[in-house]
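Read top to bottom, the protein sequences are chains A and B. With the working numbering applied, the first sequence covers 861 to 1128. With the working numbering applied, the second sequence covers 115 to 392. Heads up, the thing below is written out as structure tokens.
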Amino acid sequence: MIGSSPLAEAFWRDGRCADCPVYDMHGHMGVWHSIYFPRPEAVDMVRSMDSAGVKMLIFAHHASLFSPDVGHGPAIEAVRQFPDRLRAYLPVNGVYPEQIETDLALIDRHPDVFVGIKFLCDYHQVPMTDDRYRPAWELADERRLLVLAHTWEESKYDGPDVIRKIAERYANLSLLMGHSCHGAWDQAVQLTRDFGNLYLELTAVLDNRGVIEQFVEQAGADRMLFGTDLPWFDPHHGIGALLSADITDEDRHQILHRNAERLLANPV
Amino acid sequence: MVTPEPLCYHHLPVTVARKETPLGSAETELAFFDANAFIGRPVQGVARPAATADDLLAEMDRNGIDRALVWHIAQHDLAPVVGNRMLAEQIGPHDRLVGCWTILPSCLPEFPKPDDLVAQMKDARVRALRVFPEPHHYLLRREVLGPVLWTMVERRIPLILSNARGSGWPAIYDLLDDLPDLVCVTSDYGCWGADRWFRPLLDHYEHVYVDLADYLLDGGIEALVADYGPERLLYGSGFPVQYPGGMMMTIRHAEIDPADRQAIAAGNLDRVLGEVQL
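Put into structure tokens, the structure is as follows:
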């Protein structure tokens, strides 16, 4: 068994813990070109969520992210299929600025589906600070929405320097730094210290031993959010990594559910 | 046009009969034998290194890991002969640790000849070998490593092939085309979808194993077990780069037969290393 804490015992024994419902703040859905997914669809993913005690997943559908020709329909359909378990981010793509206003209107049209906006600037190769994204940032700030942004090391599209410029402009939205500026851990921590509305999202961070302890110590567990890229990564793997990390169960409660519950308490 | 018969035809395909048992057993006890851990402080750093075997054992105890197949980062960062000696000194007093050394080509006098190497391995409780072709400036080919590779085939000594440290997929495919009976373990292949890389090797070569340290894929273990059986999968922690508990928890709650979980957690590596003839 991994460690001896009450949470470790519960998750090891049962795979889930009633006192610690998990909120996965960074998921996807559907097939994608580079990876074979055994469980890509909503029904498969909810089965994985059940196994690990994941109460809620907030996701951006691969179709929404990678094919403007398919768009957001699959995400809407999935949330309607599992309204108690799924919510979606609305992805925006600066390559197609004429589409952004139309897409943003979906947030008001489907308030039961979308809880925020997703930026995937490294893949779309348009910087977060590009003017084409201004309507999305302004809407998110005005409505105090969640924003999940893929953030990575020294990227000119969504690295720490770019994030800082965004954070200086928009103080009302909650910006989840997806992957916590992967690799630029010190800068990610500094951003959370400088801006109270920034959070460290842990997808693909949890396989980097030592980073969780650094984040808890330097940024605080109240600024960290659990994520898995589901269906990319097994939620049990992420939970096991948190149990393996040299932190307290109180920290784990914050990371796995309390912070997310607080953020999601604000309706769109 | 006639389709040529594959060189490794006698290994095609590998099929394993599956047992029909209920999923989700309440069994909680699992013994773990880690196929992928190193000690020593890397030249380029790592957040929390385990400088010594004692450090590694303390972390294994904290996580509930029984045994480990371990190597020393100095084998990669400094020189195989020095790192191999450092590893032997570190693991010597600790029966829970089995050694994995690093080899170099046989064409120079800097590294022991195969017979001497085997004798030294036996003395040092070393039962597996690694290669780092790219950083150590040679090609992973029969022409380069031939004598030691033939010895490894004959004695069933596993070769650990780390993608992250210089063993690329094309070279691995070429090597196994030449040496289809080589026991080898694919390792450190990254977490971003490796099935299309390693599954053809599982299809064609029955002595290929997969270190799961990087295999974070949701439902991946269940899919692999359904297609290949549990025998080819090895628990690896990726320590100290990764948290050991991630893959432990994944295996613990994989929706497979409890006996298959135990095989993946420890039994398969135990069997592979038990078949080594030194």
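Backbone N, C-alpha and C define an ideal beta-carbon position, used for all residues, glycine too. Quantities reported herein were computed from a predicted structural model and do not represent experimental measurements.
Contacting residues, own chain, Cβ-Cβ under 6 Å from residue i (five flanking each side not counted)
i, result
"G352/B", "N150, A327"
"H921/A", "M889, G890, P934, A935"
"W311/B", "W283"
For residue i, the three-state DSSP class (helix, strand or coil)
i, result
"K1016/A", "coil"
"C981/A", "helix"
"M916/A", "strand"
"G360/B", "helix"
"N150/B", "strand"
"M1084/A", "strand"
"R947/A", "strand"
"M885/A", "strand"
"R244/B", "strand"
"V184/B", "strand"
"Y323/B", "strand"
"S1104/A", "helix"
"A938/A", "helix"
"A172/B", "helix"
"G1038/A", "strand"
"V955/A", "coil"
"V1010/A", "With the sequence shown as reference, residue 1010/A is identified as His, and Val is not the correct amino acid for it. The answer is strand: DSSP assigns H1010/A an E or B state."
"I895/A", "strand"
"W306/B", "coil"
"G280/B", "coil"
Environment of residue i [buried if 16+ CB atoms lie within 10 Å]
i, result
"G159/B", "exposed"
"E173/B", "buried"
"D1111/A", "buried"
"R969/A", "exposed"
"Y342/B", "buried"
"H251/B", "exposed"
"S927/A", "exposed"
"R241/B", "buried"
"H962/A", "Correcting the residue identity first, residue 962/A is Thr in this sequence and not His. Answer is exposed; the Cβ neighbour count stays below 16."
"R1122/A", "exposed"
"L183/B", "buried"
"P223/B", "exposed"
Whole-angstrom C-beta distance between residue j and residue i, which should lie under 8 Å
i, j, result
"L387/B", "R346/B", "15 Å between Cβ atoms; not a contact."
"L1006/A", "M1037/A", "With 8 Å as the limit, L1006/A and M1037/A do not qualify as a contact, their Cβ atoms being about 12 Å apart."
"D1109/A", "S924/A", "With 8 Å as the limit, D1109/A and S924/A do not qualify as a contact, their Cβ atoms being about 36 Å apart."
"I1115/A", "W306/B", "That belief does not hold up - the Cβ atoms of I1115/A and W306/B are roughly 23 Å apart, past 8 Å."
"D325/B", "L348/B", "5 Å"
"Q189/B", "G197/B", "3 Å"
"N1057/A", "A1081/A", "The Cβ separation is near 17 Å, so there is no contact."
"R155/B", "P163/B", "5 Å"
Residue i and residue j closer than 8 Å at C-beta
i, j, result
"R1053/A", "A1079/A", "yes"
"H1042/A", "A1064/A", "yes"
"G206/B", "E248/B", "no"
"Y1017/A", "G976/A", "no"
"L964/A", "R1004/A", "no"
"R947/A", "I967/A", "no"
"F1137/A", "M988/A", "Shown here, chain A extends from 861 to 1128; a query on residue 1137/A therefore has no answer."
Cutoff 7 Å; reference residue i; Cβ partners in own chain excluding five residues on either side
i, result
"I862/A", "A868, W872, G1100, L1103, S1104"
"A912/A", "G875, R876, V882, P1095, H1096, I1099"
"A377/B", "P344, E345"
"E1073/A", "A1105, D1106, I1107"
"D990/A", "G954"
"W1045/A", "V1071, Q1074"
"F942/A", "A902, V906"
Close beta carbons around residue i, own chain, < 8 Å, minus the five adjacent residues each side
i, result
"G304/B", "N277, A278, D328"
"R256/B", "L263, L289, D292, L293"
"R992/A", "G954, P957, I960, V986"
"D180/B", "A145, F146, F147, M174, R210, A380"
"V390/B", "R241, A242, R269, R270, I271, P272"
"D982/A", "H1010, W1012, S1015, Y1017, D1018"
Chain C within 8 Å of residue i, Cβ atoms only
i, result
"H318/B", "The structure shown has no chain C; the protein chains it does contain are A and B."
Check: residue i C-beta below 7 Å from any heavy atom of the ligand PLP
i, result
"Q1114/A", "Absence of the ligand PLP is noted for the structure shown, with no ligands found whatsoever."
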